[in-house]
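Trainee:
Chains as they are written, first to last, in the numbering used here: chain U, 1 to 365; chain R, 1001 to 1372.
#1: Could you tell me the distance, in whole angstroms, from the CA atom of residue 1330 of chain R to the CA atom of residue 1316 of chain R?
#2: Relative to the alpha-carbon of residue 77 of chain U, which residue among U/330, U/267 and U/216 has its alpha-carbon at the smallest distance?
#3: Determine which residues of the stretch 313 to 329 of chain U have a Cβ less than 9 Å from any Cβ of chain R, and write them out in chain order.
#4: Tell me whether the beta-carbon of residue 175 of chain U lies closer than 8 Å to the beta-carbon of residue 1202 of chain R.
#5: Return the first residue and the last residue of the alpha helix (DSSP H) that residue 236 of chain U is part of.
#6: Does DSSP put residue 1191 of chain R in a helix, in a strand, or in coil?
#7: What residues in its chain sit with their C-beta under 7 Å from that of residue 1261 of chain R, if we drop five residues either side in the sequence?
#8: Is the Cβ-Cβ distance between residue 1188 of chain R and residue 1278 of chain R less than 8 Å?
#9: Could you compute how far the alpha carbon of residue 103 of chain U sits from the alpha carbon of residue 1192 of chain R?
#10: Return the residue from the list U/216, U/319 and U/120 that minimises the CA-CA distance to residue 1167 of chain R.
#11: Measuring only the C-alpha atoms, how far is residue 209 of chain U from residue 1100 of chain R?
#12: Spatial neighbours of residue 198 of chain U within its chain, please: CB distance less than 8 Å, with the 5 preceding and 5 following residues excluded, ordered by chain position.
#13: Would residue 63 of chain U pass as an interface residue toward chain R - the criterion being a Cβ-Cβ separation below 8 Å?
#14: In the DSSP assignment, find the alpha helix (DSSP H) that holds residue 1301 of chain R and state where it starts and stops.
#15: Return the chain-ordered ranges of every alpha helix (DSSP H) run that is complete within the stretch 66 to 96 of chain U and spans a minimum of 4 residues.
#16: Counting contacts by CB-CB distance shorter than 8 Å, is residue 1016 of chain R in contact with chain U?
#17: Determine, for residue 276 of chain U, whether the minimum Cβ-Cβ distance to residues of chain R falls below 8 Å.
#18: List the residues of chain U that residue 1082 of chain R touches, going by C-beta distances under 8 Å, in chain order.
#19: In three-state terms, what does DSSP make of residue 298 of chain U?
#20: Would you list the one or two residues that DSSP bridges to residue 100 of chain U?
#21: List, in order along the chain, the chain R residues whose C-beta lies closer than 7 Å to that of residue 71 of chain U?
#22: Please report how far the alpha carbon of residue 1108 of chain R lies from the alpha carbon of residue 1121 of chain R, in whole angstroms.
#23: Identify every residue that forms a DSSP beta bridge with residue 17 of chain U.
#24: Using beta carbons (cut-off 8 Å, strictly below), is residue 1068 of chain R in contact with chain U?
#25: Is it true that the CB of residue 312 of chain U sits closer than 8 Å to the CB of residue 1252 of chain R?
#26: What span of residues does the beta strand (DSSP E) with residue 1111 of chain R cover, start to end?
#27: Is residue 150 of chain U close to chain R, meaning its C-beta is less than 8 Å from at least one C-beta of that chain?
#28: Within 10 Å of its beta-carbon, does residue 347 of chain U have 16 or more other beta-carbons around it, so buried, or fewer, so exposed?
#29: Using beta carbons (cut-off 8 Å, strictly below), is residue 1190 of chain R in contact with chain U?
#30: Going along chain R in order, which residues have a C-beta closer than 8 Å to the C-beta of residue 333 of chain U?
#31: Beta carbon of residue 1032 of chain R, beta carbon of residue 1024 of chain R: below 8 Å?
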């Protein structure tokens, strides 16, 4: 299925910004040094309290090795937990200039007990710096915040923002309410004030709502597909709630939600907004304008049309300046920077997708 | 643009759902008593998805003098059938009965609606065809209703709502598909929700426009469900029609599911070929709304190339919903070959019952192309 890609002259020097790398704990105890004793005891006694029926596992079992690259298991611990291996297998091997850490586990985004969520958030943020960014300066941290306690989330952003090793705030696109709701606005206010993008990474259960408007699907195939429909609801909610009229400089990065749906969603929003304008007079411009101004999209898992050039149409409609390459290392559906695109990019397009867009959004030098 | 020929088949029009009072003659004694004694006959049964005064629910010139959406028969003739030279129009009567929790009451009302439609619409206007309204939240009752009306061949499909109790493709609903397939009825899924669940994976949006935009994601979820559950492998003759779904989102779905299938096929081993091929064979989409940029017809043409088949679109006006103006029921940018197929031929392929007597009533002059 992988078509050999023509190596370019500069292949040896090729370097890129990776918009989605997942660090993991070697063992749950990795987090303990960063948690107050009270919450360490709580974690050990009660565990996380999530909105799902199975504890400590995903209700849609993954297809391969817990959703990991089979070749990414270190001698001890899960994939993504061994910095040396990450360097050897990905950062050095593939030429990562900067890698955006997205810490999915234990950051409090899904925790129902909000005090516990706050403690987890601070612990995971400390852990990212100590375990990853300090020893490996190519990596950048994301301020993981529990969106359901927006006041705390905003304060955590305030507290971390001066530390430039944090380049974005991160929470779940599947919150308890659509993320454009006003209850989350203090997060956007803090992020905009500090010129920090908000990264929303596909997630399964956070807010407890089923992944479709008709309830829970049966198979992982469907749950995986729903990452893209969930991202559509993020876009729709933020635009029609008027988030970008209130916070015009806010930058939203949609991580691992696909992007080929975006132009059609823009067309659909525009068409029906025209009819229904009276309902949302606070939306001043055609919705697709906000889509092309305030949103960025990471590329993995990149859509693969039978005719690869069709994807170029999509990116043309969306804007080449909207895409940030991502690998999703060490997950099973990893995209390789040299093989993800099945059609030839111009040098300019390549520079944008693999470097310049990310550097501009995240303020990287 | 306007239709280039007479005799198009309009696969989605909306007669006004009858009020309970109008349905009383079609109900048995028990339910008549219940509805009258409990004043249920005074209730509106409007679905939340289509508030009558909303701009989307009716074009200004497609409203009755009362201001209500123009779904009475004489208006349908004058506004929906005559101006477009329509040969057949399929009535999708979105009665709120399907949102009731009481399954027996829902079933009784669905039966009454179907009988009303046969007598008040189909008997009086030979150009009309209809979908069978069923209580989808009880598959046993839904099957019974399909069986009850199936001998009336003017009913050409089973009508389901895109957001309901559960994803439609789940195995518990397969008797509905078996029955539809057996009788040569398509299965049609229409926009709208019974609001059993929040319309988005992150909860309840504030605005109606958000709910409406979210319909397309709901259709995606249903379609991926039909693929993943293996419905078309189990029912190889089944035709699924997505009605008022939009279709410009389809390329993204085809690409994503094709790629996902390569990664997850061990989980769903019954999917025996790329999902896009299955969609091309089994799934159809009504034309309106056309969610495409109005100032860039080339984008729509490219999107159709991305879809990769000119057999998947079925002409619809979505009357009286406000999706286009004047008689310009066709968007600019459609290739001529696609127009020809979507106006007539695709519908005849999708709805075998529309082919009844096709030879005698055909006025398109292309009868030889109509049966694949």
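Quick reminder that beta carbons are idealized off the backbone N, C-alpha and C, glycines included.
If you're wondering where the values come from, they're calculated on a predicted model, not measured in any experiment.
Mentor: Reading it off the structure:
#1: 9 Å
#2: U/330
#3: 313, 314 and 317
#4: yes
#5: 220 to 240
#6: strand
#7: 1271, 1274 and 1275
#8: no
#9: 37 Å
#10: U/216
#11: 22 Å
#12: 168, 169, 170, 171, 187, 188, 191, 250, 251, 252 and 253
#13: yes
#14: 1297 to 1307
#15: 83 to 86
#16: no
#17: yes
#18: Per Cβ cutoff of 8 Å: no residues; residue 1082 of chain R is ~25 Å from chain U at best.
#19: strand
#20: U/140
#21: The contacting residues do not exist; residue 71 of chain U stays about 16 Å from chain R at best.
#22: 19 Å
#23: U/98
#24: no
#25: no
#26: Residue 1111 of chain R -> not in any beta strand (DSSP E); alpha helix (DSSP H) instead, spanning 1103 to 1116.
#27: no
#28: Around the CB of residue 347 of chain U, fewer than 16 other CB atoms lie within 10 Å, so the residue is classed as exposed.
#29: no
#30: In chain order: 1263.
#31: yes
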